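In what follows, a structure is listed as structure tokens, so that the remarks can point back to it.
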Amino acid sequence: MSRLLVTGGAGFIGSNFVHYVLANTDHTVTVLDKLTYAGNLASLDGLPEDRFTFVKGDIQDAALVDSLVAETDAIVHYAAESHNDNSLNDPRPFLDTNIIGTYTLLEAARKHDKRFHHISTDEVYGDLELDDPNRFTESTPYNPSSPYSSTKAGSDLLVRAWVRSFGVKATISNCSNNYGPYQHVEKFIPRQITNVLRGERPKLYGSGENVRDWIHANDHSSAVLTILDKGEIGETYLIGADGEKNNKEVVELILTQLGQPADAYDHVIDRPGHDLRYAIDSTRLRTELGWTPQFSDFEAGLRDTIEWYRDNEAWWAPQKDATEARYKEQGQ
1 MSRLLVTGGA
11 GFIGSNFVHY
21 VLANTDHTVT
31 VLDKLTYAGN
41 LASLDGLPED
51 RFTFVKGDIQ
61 DAALVDSLVA
71 ETDAIVHYAA
81 ESHNDNSLND
91 PRPFLDTNII
101 GTYTLLEAAR
111 KHDKRFHHIS
121 TDEVYGDLEL
131 DDPNRFTEST
141 PYNPSSPYSS
151 TKAGSDLLVR
161 AWVRSFGVKA
171 TISNCSNNYG
181 PYQHVEKFIP
191 RQITNVLRGE
201 RPKLYGSGEN
211 VRDWIHANDH
221 SSAVLTILDK
231 GEIGETYLIG
241 ADGEKNNKEV
251 VELILTQLGQ
261 PADAYDHVID
271 RPGHDLRYAI
281 DSTRLRTELG
291 WTPQFSDFEA
301 GLRDTIEWYR
311 DNEAWWAPQK
321 DATEARYKEQ
331 GQ
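Taking UniProt numbering, the leading residue of the sequence shown gets 1, the next gets one more, and so forth.
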């Protein structure tokens with residue numbers, strides 16, 4: 001599998017995967033990305049031209065997808081509409097990209113008999129109570145709560161059906177919340193970091209008790225490569241780094257790591273239907289495939305991420321004003 005087609009490779013998690021692959025393997029990579037607001041060509045700067053190709057296009061474009069899949073060994077499908085708030089404002093793009101786009105890719109993988117890996121989210125499982133001792137596993141029933149998570153659940157089920165019905169050589173991974181370089185400033189961690197770097201106060205949804213299971217994007221990337229190499233066709237693997245923190249703890253860590261008082265933030269209205277807690281049990285990935293995360297210490301990974309945003313203001317500054325204006329309109 002030396003030739004990889006990476007959909008959504010100009011987005012946050014996809015671009016981190018492309019950088020990771022080109023730095024740690026001898027694979028070549030073609031990125032297919034529509035370059036919506038969440039895709040940024042600057043996230044792919046500096047990659048080796050002899051091993052990297054960029055194609056601007058839509059994963060719903062069957063002819064384009066067919067031509068690219070025919071020339072690759074494996075498809076790694078990151079492309080997705082992924083922001084919960086946006087899905088509440090306008091669900092339709094989530095149906096188009098996450099359902100129809102995935103279907104289009106699966107049909108091309110089926111036609112050309114190519115390996116397919118589908119990137120999904122822990123949000124398909126719904127949420128857990130704050131005091132629930134359990135975590136999500138591969139057998140947890142799906143219980144999505146937003147247009148975003150329901151369309152990702154639908155895309156997962158399409159992949160499973162194409163494996164069983166048509167023999168597509170696919171695997172799925174459901175990952176917990178990612179953080180790291182190249183993440184759009186609309187997302188929770190980079191929004192708070194860039195607020196502090198600009199001398200503004202971070203914003204905390206509601207009481208800040210909502211818990212997320214954080215994983216550094218590099219660890220997500222290494223897990224996906226492991227699944228591509230060793231994963232069993234038709235199986236699902238959960239990716240997590242035991243990084244459970246509530247939003248209040250994360251904001252306070254960002255402030256203290258940037259030399260500010262831990263309470264120097266503002267409370268804003270909570271988002272509708274805000275899931276309480278996500279928690280991943282990645283035992284199967286670790287025991288069966290031998291994967292381990294590099295950033296097992298969330299504070300160390302957060303420090304690494306803060307330094308990246310401090311050093312790369314030219315990357316995030318063009319997005320910042322419009323993002324904050326939109327949040328202000330929503331009271332957030």
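For every residue, glycine included, the Cβ atom is placed at its ideal position computed from N, Cα and C. These figures come from a predicted structure and were not determined experimentally.
(message) Taking the straight line between their C-alpha atoms, what separation do you get for Val211 and Asp127?
(response) As a first step, residue 211 is located in the sequence shown; it is residue number 211 there, counting from the start. As a first step, residue 127 is located in the sequence shown; it is residue number 127 there, counting from the start. Cα-Cα distance, rounded: 10 Å.
(message) Considering Cα atoms alone, identify which of Glu81, Ala161, Lys328 is closest to Ser120.
(response) On the sequence shown, residue 120 is found 120 positions in, with the first residue counted as 1. Checked all of Glu81, Ala161, Lys328; the closest Cα to Ser120 is Glu81.
(message) If I follow the unbroken beta strand (DSSP E) through Ile172, where does it start and stop?
(response) Counting from one through the sequence shown, the residue named residue 172 turns up at place 172. 170-175 is the span of the beta strand (DSSP E), which, as asked, contains Ile172.
(request) Would you list the residues sitting across from Ile119 in a DSSP beta bridge? (result) Reading the sequence shown from its first residue, position 119 is the one you call residue 119. Answer by DSSP bridge pairing, in chain order: Ser173.
(request) Quickly, what does DSSP pair Lys56 with across the bridge? List them, please. (result) Along the sequence shown, one-based indexing puts residue 56 at 56. Lys56 is bridged to Asp33.
(request) Give every residue of the same chain whose Cβ lies closer than 7 Å to the Cβ of Tyr125, excluding the five residues on either side of it in the sequence, and list them in chain order. (result) Indexing the sequence shown from 1 puts residue 125 at position 125. Same-chain partners within the cutoff: Phe136, Thr140, Tyr142, Asn143.
(request) Would you kindly report the start and end of the unbroken beta strand (DSSP E) that includes His27? (result) In the sequence shown, counting from the first residue as 1, residue 27 sits at position 27. Neither: His27 is in no beta strand (DSSP E) and is coded neither H nor E.
(request) Please report the Cβ distance between Val163 and Gly101, rounded to the nearest whole angstrom; I am assuming they are in contact, meaning their Cβ atoms lie under 8 Å. (result) Within the sequence shown, residue 163 is the residue found at index 163, counting from 1. Within the sequence shown, residue 101 is the residue found at index 101, counting from 1. About 18 Å separates the beta carbon of Val163 from that of Gly101, a gap too long to meet the 8 Å contact definition.
(request) Grab me the residues of Lys34's own chain with a C-beta within less than 6 Å of its C-beta, minus the 5 sequence neighbours each way, in chain order. (result) Numbered from 1 along the sequence shown, position 34 holds the residue referred to as residue 34. The answer, listed in chain order, is Asp58.
(request) May I ask you to report which of helix, strand or coil DSSP gives Phe295? (result) As a first step, residue 295 must be located in the sequence shown, where it is residue number 295. The answer is coil: DSSP assigns Phe295 none of H, G, I, E or B.
(request) Pull up the distance between the alpha-carbon of Leu5 and that of Glu244, whole angstroms please. (result) Here residue 5 corresponds to residue number 5 of the sequence shown, with the count starting at 1. Here residue 244 corresponds to residue number 244 of the sequence shown, with the count starting at 1. If I take the Cα positions, the gap works out to 32 Å.
(request) Return helix, strand or coil for Arg160, following the three-state DSSP convention. (result) Position 160 of the sequence shown holds residue 160. Per DSSP, reduced to three states, the secondary structure at Arg160 is helical.
(message) Among Arg115, Asn86, Thr151, Ala241, whose alpha-carbon lies nearest the alpha-carbon of Ser176?
(response) For this step, residue 176 is matched to residue 176 along the sequence shown. Closest option to Ser176, Cα to Cα, is Ala241.
(message) According to DSSP, is Thr140 part of a helix, a strand, or is it coil?
(response) As a position in the sequence shown, residue 140 is number 140, starting the count at 1. In the three-state scheme derived from DSSP, where H, G and I count as helix and E and B as strand, Thr140 is classed as coil.
(request) Express the C-alpha separation of Arg110 and Tyr179 in angstroms, rounding to a whole number. (result) Position 179 of the sequence shown holds residue 179. Position 110 of the sequence shown holds residue 110. Tyr179 and Arg110 have their C-alpha atoms spaced approximately 33 Å apart.
(request) Would you check if the distance between the CB atom of Val196 and the CB atom of Pro202 is smaller than 8 Å? (result) Reading the sequence shown from its first residue, position 196 is the one you call residue 196. Reading the sequence shown from its first residue, position 202 is the one you call residue 202. Yes, these two residues count as a Cβ contact at 8 Å.
(message) Please tell me whether Tyr148 and Glu123 are closer than 8 Å, where the distance is taken between their beta carbons.
(response) Here residue 148 refers to the residue found at position 148 of the sequence shown. Here residue 123 refers to the residue found at position 123 of the sequence shown. Yes, they are a contact pair.
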